[in-house]
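*Asks:* Residue numbers (our numbering): 3 to 339.
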Ligand SMILES: Nc1nc2c(ncn2[C@@H]2O[C@H](COP(=O)(O)OP(=O)(O)OP(=O)(O)O)[C@@H](O)[C@H]2O)c(=O)[nH]1
Ligand SMILES: [Mg+2]
């Protein structure tokens with residue numbers, strides 16, 4: 003894959019954010035300087051503030067240029083997918099693959115839920131060194147259990163997609179977590195969007211579809227939205243993105259076959275943002291579909307354990323989107339993007 007240049011809008015947004023942060027800080031310091039009667043310093047800070055404001059204007063200008071001149075071209079490349087029933091596999095049945103890590107309490111009901119759906123041909127569970135009886139609970143409900151010994155959400159998802167793509171009798175794969183936060187009933191919604199894109203990605207942004215109590219705090223909810231908009235700016239014209247943290251997605255296997263060699267499984271809790279960014283870089287089309295989000299069964303171990311953890315994951319996602327994903331993985335396993 004040719005690494006595509008970052009969209010001008012993304013640079014613009016970064017400059018706007020830096021300019022606003024600098025001018026805010028300069029204003030605060032100038033007030034403090036005036037309070038201590040350090041007028042010369044206050045004057046210099048105000049000049050700096052003016053400079054920072056010019057940076058904000060420059061950044062906004064870059065976003066405008068991208069919107070007017072470059073985004074329409076990226077949009078034009080999407081046009082064929084906008085027409086319904088484009089290139090749709092004749093058989094809509096899917097292989098569902100669930101990630102699981104010490105999810106003994108939830109994996110049984112999750113497998114049962116998905117296995118009962120009319121579109122589901124089989125359920126695979128990728129179990130990631132669980133110390134409880136996750137594997138037994140999954141196979142008791144009829145799932146095929148695969149053990150991934152390399153630890154981590156990224157490793158687990160990567161293995162899940164790799165195994166699902168190998169199934170010869172399904173042309174589409176549904177990736178989901180086995181923690182009961184996502185439900186099989188939403189498969190019908192994802193399938194309804196499948197004619198429009200290579201990947202239909204679930205979004206938890208619709209307030210009315212979220213259970214009243216979930217692990218997703220207000221901070222995480224808006225944080226996901228913010229990073230989604232950054233991803234949108236980075237690929238301006240290629241899609242609308244409101245959530246970068248949803249595992250639940252429906253993918254055409256033809257798209258996964260192109261995408262998998264470019265993913266780095268060592269990227270851990272940020273893997274979903276890495277997945278979306280890389281797919282868009284490869285020219286794959288992604289459409290979001292609102293899905294329901296439920297309270298977790300069992301204990302959270304991922305990015306949603308606390309706001310502080312989610313903040314760290316978010317910062318790493320932003321770094322990946324703005325600067326590329328290479329710096330975000332130790333590189334023991336293989337070279338990533
Ligand atoms: N955190 C974590 N999750 C893993 C790992 N391996 C597999 N997983 C699975 O990846 C999914 C994400 O972890 P969760 O604990 O659900 O974290 P989350 O989705 O951020 O948060 P909630 O679902 O809201 O609790 C789950 O299905 C886990 O079972 C791992 O090493 N670490
Ligand atoms: Mg979860």
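All C-beta atoms, glycine included, are put in the ideal place defined by N, C-alpha and C.
1) Using 10 angstroms around the beta-carbon of residue 155, count the other beta-carbons present and answer buried if the total reaches 16, otherwise exposed.
2) Look at residue 2 and residue 292 and say whether their C-beta atoms are less than 8 Å apart.
3) Does the distance between the C-beta of residue 153 and the nearest non-hydrogen atom of ligand 1 fall short of 7 Å?
4) In its own chain, which residues sit with a C-beta less than 7 Å from the C-beta of residue 172, not counting the 5 before and 5 after it?
5) Helix or strand or just coil, what does DSSP make of residue 221?
6) Pick helix, strand or coil for residue 191, following the three-state DSSP scheme.
7) Any heavy atom of ligand 2 inside 7 Å of the beta-carbon of residue 298?
8) Taking Cβ positions, are residue 327 and residue 269 nearer each other than 8 Å?
9) Counting pairs of Cβ atoms below 8 Å between the region 125-140 and the region 233-245, do you hit three or more?
10) Tell me the rounded alpha-carbon separation between residue 238 and residue 278.
11) On the criterion of 16 or more Cβ atoms from any shown chain inside 10 Å, does residue 283 qualify as buried, or is it exposed?
12) Per the DSSP calculation, residue 149 is bridged to which residue(s)?
13) For residue 274, collect the residues of the same chain with a Cβ closer than 8 Å to its Cβ; drop the 5 residues on either side in sequence, then sort them by chain order.
14) Within its chain, find whatever has a CB closer than 8 Å to the CB of residue 99; leave out the 5 residues flanking it on each side and keep chain order.
15) Kindly give me the distance between the Cβ atoms of residue 217 and residue 306, rounded to whole angstroms, as I take these residues to be in contact under 8 Å.
16) I'd like to confirm something about residue 294: is its beta-carbon nearer than 7 Å to some heavy atom of ligand 2, or not?
17) Helix, strand or coil: which one does DSSP assign to residue 252?
18) For residue 54 and residue 24, which I take to be in contact (beta-carbon distance under 8 Å), what is that distance rounded to the nearest angstrom?
19) What is the DSSP secondary structure of residue 244, counted as helix, strand or coil?
20) Can you tell me whether residue 206 is helix, strand or coil according to DSSP?
21) Identify the residues that DSSP records as bridge partners of residue 124: which are they?
22) With a cut-off of 8 Å on the beta carbons, I'd call residue 302 and residue 182 a contact; round off their distance for me.
23) State the Cα-Cα distance for the pair residue 106 and residue 30, rounded to the nearest angstrom.
24) Using beta-carbon positions only, say whether residue 225 and residue 316 come within less than 8 Å of one another.
25) With distances taken from CA atoms, which of 198, 40 and 114 is nearest residue 90?
26) For residue 298 and residue 77, what's the separation of their Cα atoms in angstroms?
*Replies:* Walking through what the data contain:
1) buried
2) The displayed coordinates of the chain run from 3 to 339. Any statement about residue 2 would go beyond what the structure contains.
3) yes
4) 95, 96, 97 and 123
5) helix
6) helix
7) yes
8) yes
9) no
10) 14 Å
11) buried
12) 129
13) 159, 246, 247, 248 and 249
14) 125, 126, 127, 128, 162, 163, 165, 166, 175, 176, 177 and 178
15) 4 Å
16) no
17) strand
18) 4 Å
19) coil
20) coil
21) 97
22) 12 Å between Cβ atoms; not a contact.
23) 52 Å
24) yes
25) 198
26) 37 Å
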